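Enquirer: I am attaching a structure below and will ask some questions about it afterwards.
This is how it looks when you write it as structure tokens:
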């Protein structure tokens, strides 16, 4: 099994696609990288930065002769990208993606690729930043971070192993789950917090006293809302692709917040302190565990 | 007017009280520093670190001969601390505090100090970290950060100017507002986000699938929930002291989140993208403004 690919096509050369290309190049895991994107300035910059070696006009052209294709565009584009590349997909080529939702990617792949869906190994790197575009790409973006693959029944063991090996070369720790389990977990730990942060910043921005609010916001607010500087189109697509599970998480959170507000309202100091301490302890235990795990992988 | 004080008493030698002492010492703005606290180990460490020069057994003893007293304990203790120091408060001494709520501090000062409330200049440094205790104290904690004073009608101009000068020596930018305006603004920009973060982490910790959730949480979750590692007792006190305004902010936020969830539910992609972009733009404009302001102050 080889972790090397001769011609890699990156569809969507932004933070994730660009960082993946840089990491593969640094690891000597690829020959040339062909980029496709909607924004000519961004592609020109990708080329100037050495992230890609050439541009193709669309996913179909990029797929021609490629032995690896990474989809790293906002997830609503996945069906049309897969339809565009399907006619030119080489029989031994592998396709993977970096989308934050996986049920939709799998459905799109089944629709566009039919029996060749075995060539599509869905993935989700748990890395990113509020910055976007190829200028934000970094060779070490995935180092110590996790990547979740959601392999299909149809995927051969070698196909999955090759995609896993690539992410391992990028420095990531790879795990697997089903697309359904993935979308449920990330609705909670990622999509919901983004919605909560966006809601807070937007609500403040709409208020008459927004100037005074922002003038007095400090470091706590800054970190809490960092993810509200994320890419609007990307997050629109994620919210829609994971709509059912995200709505369910919103309702669950609403209940938790109602209960906490009721504690404040009735002046339940002992209850508040217990809840805050339990939350702090859970978070600190998580941080320590995450640090140990990341340390162990290096 | 002198910004120098000969004997400074710090009631509550934690992150804030300790950093204030370190900054005053570094600026040559004080003679000796006397510390008071409930935790003997923490006080011993404060002394070993050179944060304080001596310990007093209680606020009354510390007030004896002090010309400046800073209250930096959880805010529910403010009334009893002020009552303890009142009988020994020198006529020309100044008292200030670092509490995150100001209406309660003012009410406590009026109750405990009576006519001498003119000696109490309420303040709130908008700095901090999720860490607590004197070990987390830093000489530059307040550098470039904001401090809000909420002066009383009774405060003389010189008293306010001396407290302002101290915070300026610590590197902070000082502004003023009424206690009522302060509590309303910070209910929104600080107390609400803390509640939101605590609610999320606690709700996850209580779930049967908490292991899988925390295993897959990434950098977005980490930053969003940083403030959920804050001091439980301190935040219990803040929530109770600012109960009415915090509950009102919770209800406002609930409406905003309901509206956003409804957009997800009905698949309003254009609306979501507009809202996300408006939030991102508002946040980025705030960050740029804050950076300019902090840069200009140095």
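Protein chains in written order, with the numbering used here: chain A, 842 to 1139; chain B, 842 to 1139. Built from N, CA and C at the ideal position, the CB exists for glycine as well. As the structure is a computational prediction, the values presented were derived from the model and not from experiment.
#1: Determine, using beta carbons only, whether residue 887 of chain A and residue 980 of chain A come nearer to each other than 8 Å.
#2: Measure from the alpha carbon of residue 1066 of chain A to the alpha carbon of each residue in B:1124, B:1040, B:942, then state which is nearest.
#3: May I have the straight-line CA-CA distance separating residue 933 of chain A from residue 909 of chain A, to the nearest angstrom?
#4: Which residues bound the beta strand (DSSP E) around residue 966 of chain B?
#5: Please return the same chain residues whose Cβ sits closer than 7 Å to the Cβ of residue 1138 of chain A, not counting the five positions on each side in sequence.
#6: Determine the contact status of residue 920 of chain B and residue 897 of chain B, defining contact as a CB-CB distance below 8 Å.
#7: In this structure, does DSSP put residue 1138 of chain A in helix, strand or coil?
#8: According to DSSP, residue 851 of chain B sits in a beta bridge with which residue or residues?
#9: With DSSP as the reference, please indicate the residues paired to residue 899 of chain B in a beta bridge.
#10: Measuring straight from C-alpha to C-alpha, what distance separates residue 845 of chain B and residue 1075 of chain B?
#11: What residue range is occupied by the uninterrupted alpha helix (DSSP H) comprising residue 938 of chain B?
#12: Consult DSSP for residue 980 of chain A and reduce its assignment to one of helix, strand or coil.
#13: Can you confirm whether residue 1139 of chain A, when its beta carbon is compared against all beta carbons of chain B, has any partner nearer than 8 Å?
#14: Tell me the rounded alpha-carbon separation between residue 1126 of chain A and residue 1101 of chain A.
#15: Please classify residue 884 of chain B: is it buried, with 16 or more other beta-carbons within 10 angstroms of its beta-carbon, or exposed?
#16: Mind checking the segment 993-1014 of chain B against chain A and listing, in chain order, the residues whose C-beta falls within less than 7 Å of any C-beta there?
#17: Using the C-alpha atoms, what's the distance from residue 1059 of chain A back to residue 1064 of chain B?
#18: Quick check: the Cα distance between residue 1041 of chain A and residue 1007 of chain B, rounded to an integer number of angstroms?
#19: Threshold first: 4 residues or longer. Then list the alpha helix (DSSP H) segments lying entirely within the segment 1015-1056 of chain A, N to C.
#20: With DSSP as the reference, please indicate the residues paired to residue 871 of chain B in a beta bridge.
#21: Determine the chain A residues that contact residue 879 of chain B at a beta-carbon separation under 7 Å, and present them in chain order.
#22: Give a yes or no on whether the minimum CB-CB distance between residue 944 of chain B and chain A is below 8 Å.
#23: Whose CA, out of B:848, B:861, B:1021, lies closest to the CA of residue 935 of chain B?
Expert: Working from what's here:
#1: Taking the first chain and counting its residues from 1, the one referred to as residue 887 of chain A is at position 46. Taking the first chain and counting its residues from 1, the one referred to as residue 980 of chain A is at position 139. No, Cβ-Cβ distance for residue 887 of chain A and residue 980 of chain A is not below 8 Å.
#2: Residue numbering aside, residue 1066 of chain A sits at position 225 when the first chain is read from its first letter. It is B:1124 whose Cα lies nearest to the Cα of residue 1066 of chain A.
#3: On the first chain, residue 933 of chain A is found 92 positions in, with the first residue counted as 1. On the first chain, residue 909 of chain A is found 68 positions in, with the first residue counted as 1. Going from the Cα of residue 933 of chain A to the Cα of residue 909 of chain A covers about 9 Å.
#4: Residue numbering aside, residue 966 of chain B sits at position 125 when the second chain is read from its first letter. Per DSSP, residue 966 of chain B belongs to the beta strand (DSSP E) from 964-967.
#5: Here residue 1138 of chain A refers to the residue found at position 297 when the first chain is read from its first residue. Confidence at residue 1138 of chain A is low in this model, with a pLDDT of 46, below 50, so the placement of that residue should be treated as unreliable; the coordinate-derived value is given next. Answer for residue 1138 of chain A: 985, 1014, listed in chain order.
#6: For the purposes of this step, residue 920 of chain B is taken as residue 79 along the second chain, with counting starting at 1. For the purposes of this step, residue 897 of chain B is taken as residue 56 along the second chain, with counting starting at 1. Against a cut-off of 8 Å, the Cβ pair of residue 897 of chain B and residue 920 of chain B comes out as no contact.
#7: The count along the first chain starts at 1 and reaches residue 1138 of chain A at position 297. Legend: pLDDT at residue 1138 of chain A = 46, less than 50; position of this residue unreliable, no value from coordinates given.
#8: Along the second chain, read from residue 1 onward, the residue named residue 851 of chain B stands at position 10. BP columns for residue 851 of chain B point to B:876, B:911.
#9: To locate residue 899 of chain B, count along the second chain from 1; it is residue 58. Assignment of beta-bridge partners to residue 899 of chain B by DSSP yields no partner.
#10: Translated into the one-based positions of the second chain, residue 845 of chain B becomes position 4. Translated into the one-based positions of the second chain, residue 1075 of chain B becomes position 234. Spanning the two alpha carbons is a distance of roughly 29 Å.
#11: Walking along the second chain from the start, residue 938 of chain B turns up at place 97. The continuous stretches of alpha helix (DSSP H) do not include residue 938 of chain B, which lies in the beta strand (DSSP E) extending over residues 935-938.
#12: As a working mapping, residue 980 of chain A is identified with position 139 in the first chain. Coil at residue 980 of chain A, not helix or strand.
#13: Counting from one through the first chain, the residue named residue 1139 of chain A turns up at place 298. Residue placement at residue 1139 of chain A cannot be trusted, given a pLDDT of 39 that sits under 50; the coordinates are not used to answer.
#14: To locate residue 1126 of chain A, count along the first chain from 1; it is residue 285. To locate residue 1101 of chain A, count along the first chain from 1; it is residue 260. So the alpha carbons of these two residues sit roughly 22 Å apart.
#15: As a first step, residue 884 of chain B is located in the second chain; it is residue number 43 there, counting from the start. By the 10 Å Cβ count, residue 884 of chain B comes out buried.
#16: From the segment 993-1014 of chain B, no residue has a Cβ closer than 7 Å to chain A.
#17: Position 223 of the second chain, counted from the first residue, corresponds to residue 1064 of chain B. Position 218 of the first chain, counted from the first residue, corresponds to residue 1059 of chain A. Rounded to whole angstroms, residue 1064 of chain B to residue 1059 of chain A spans 14 Å at the Cα level.
#18: Residue 1041 of chain A sits at position 200 when you count from the first residue of the first chain. Residue 1007 of chain B sits at position 166 when you count from the first residue of the second chain. Those two C-alpha atoms are separated by around 34 Å.
#19: If we require 4 residues or more, the alpha helix (DSSP H) runs fully inside the segment 1015-1056 of chain A come out as 1020-1027, 1033-1047.
#20: Counting from 1 along the second chain, the entry for residue 871 of chain B is found at position 30. Residue 871 of chain B is bridged by DSSP to B:846.
#21: In the second chain, the residue the question calls residue 879 of chain B occupies position 38. None at all; the shortest Cβ gap to chain A is about 15 Å.
#22: Translated into positions along the second chain, residue 944 of chain B becomes position 103. At a cut-off of 8 Å, the C-beta of residue 944 of chain B has no neighbouring C-beta in chain A.
#23: Locating residue 935 of chain B in the second chain gives position 94, where the first residue counts as 1. When each option's Cα is compared against that of residue 935 of chain B, the closest is B:848.
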